[in-house]
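Below: the structure, in structure tokens.
Put into structure tokens, the structure is as follows:
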């Protein structure tokens with residue numbers, strides 16, 4: 003005879019295993035000290051790619067408070083390859099719509115956004131990679147920027 007406790011535990015286990023986002027090989031946040039991201043402060047994320055035949059989506063993630071002064075953010079990104087070569091890109095992402103309303107997931111005073119850096123990208127070499135991210139705004143210190151991160155998802 004199956005007991006109600008067993009059914010509850012079984013349902014709980016199914017819920018726990020189904021909550022994980024499928025295909026994510028790396029998901030990491032870096033806490034910005036004193037919620038003030040200076041232009042000279044480069045944030046580095048390290049990850050490994052073993053399967054070069056698969057495609058990946060790379061995302062930039064950012065958490066800011068509603069007191070963040072800008073509607074957008076400019077970034078410099080450097081992808082450092084295992085063979086010591088580097089690819090630099092510049093991105094602009096909008097944090098608000100044209101009416102000034104925050105985009106992204108809102109929880110109290112915190113806004114969380116996820117922006118696509120690269121879609122369906124194949125890494126040419128297996129091994130250790132890193133991504134350096136630097137804010138590239140005119141304001142040299144971005145106040146109320148709480149956390150930045152990357153997510154890498156296998157297609």
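In the working numbering, the protein residues as written are 3 to 157.
All C-beta atoms in this analysis are idealised placements derived from N, C-alpha and C, irrespective of residue type, glycine included.
Looking at the DSSP output, residue 28 bridges to 154. Taking each of 95, 23 and 56 in turn and checking the Cα distance to residue 123, the smallest one comes out for 56. Here the region 88-100 lies against the region 71-78, with 3 or more beta-carbon pairs under 8 Å apart. Residue 120 is positioned such that its CB atom lies no closer than 7 Å to that of residue 95. A distance below 7 Å separates the beta carbons of residue 46 and residue 134. At the C-beta level, residue 132 and residue 50 stay beyond 7 Å of one another. For residue 94, the uninterrupted beta strand (DSSP E) segment begins and ends at 88-96. In the three-state reduction of the DSSP assignment, residue 69 falls in the coil class, being assigned neither a helical nor a strand state. Minimum Cα-Cα distance from residue 36 among the listed residues 144, 154 and 71 corresponds to 144. In the structure shown, residue 121 adopts extended strand secondary structure according to DSSP, grouped into three states. A direct Cα-to-Cα measurement between residue 137 and residue 128 gives close to 28 Å. Assignment of residue 37 by DSSP, reduced to helix, strand and coil, places it in the helix class. Burial of residue 65 is indicated by the presence of at least 16 other C-beta atoms within 10 angstroms of its C-beta.
Of all alpha-carbon atoms in 152, 62 and 73, the one lying nearest the alpha-carbon of residue 100 is that of 73. Beyond the five residues adjoining it in sequence on each side, residue 156 comes within less than 7 Å, by CB distance, of 25, 27, 56 and 58 in the same chain, given in chain order.
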